[in-house]
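The sequence shown maps to residues 42 to 108 in this note's numbering. For each residue, glycine too, the CB sits at the ideal point set by N, CA and C. Take a look at the structure below.
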Amino acid sequence: MSITPFQALACPLDGEPLHVAGNTWRCAAGHSFDIAKQGYVNLLPVQQKRSHDPGDSKAMVAARQRF
């Protein structure tokens with residue numbers, strides 16, 4: 042059985058298969074993920090979009106530096 046990368050990827054929000062549509066990957070439910078100009082796709086869902094403290098915390102950055 043031959044699997045291409047596009048057949049192996051699913052929407053992280055509902056598990057539906059992702060399909061390329063122009064510069065975007067979309068699932069049947071309409072969730073979309075843009076293809077960056079560098080060629081990658083960020084499939085991480087946006088969490089707490091209006092957070093006062095978005096991104097990595099100081100503790101997360103320090104842990105990454107120690108790693």
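Report task. Rounded to whole angstroms, what's the CA-CA distance from His72 to Cys52? Just pull it up for me. Result -> 7 Å
| field | Residues bridged to Ala62 [DSSP beta-bridge criterion] | value | Thr65
Notebook entry, point to check: Based on the DSSP output, what are the partners of Phe74 in its beta bridges?
Noted result: According to DSSP, residue pairing for Phe74 in a beta bridge involves Trp66.
* To do: Just the C-alpha distance for Leu54 and Asn83, rounded to the nearest angstrom, thanks.
  => Taking the straight line joining both Cα atoms gives about 13 Å.
Exercise for review: Label Phe74 either buried or exposed according to how many other C-beta atoms from any shown protein chain fall within 10 Å of its C-beta, with 16 as the threshold for buried.
Suggested key: With 16 or more other Cβ atoms within 10 Å, it is buried.
Quiz prompt | Local Cβ density within 10 Å of Leu59, reported as buried at 16 or more and exposed below that | solution = Residue environment for Leu59: buried (at least 16 other C-beta atoms within 10 angstroms of its C-beta).
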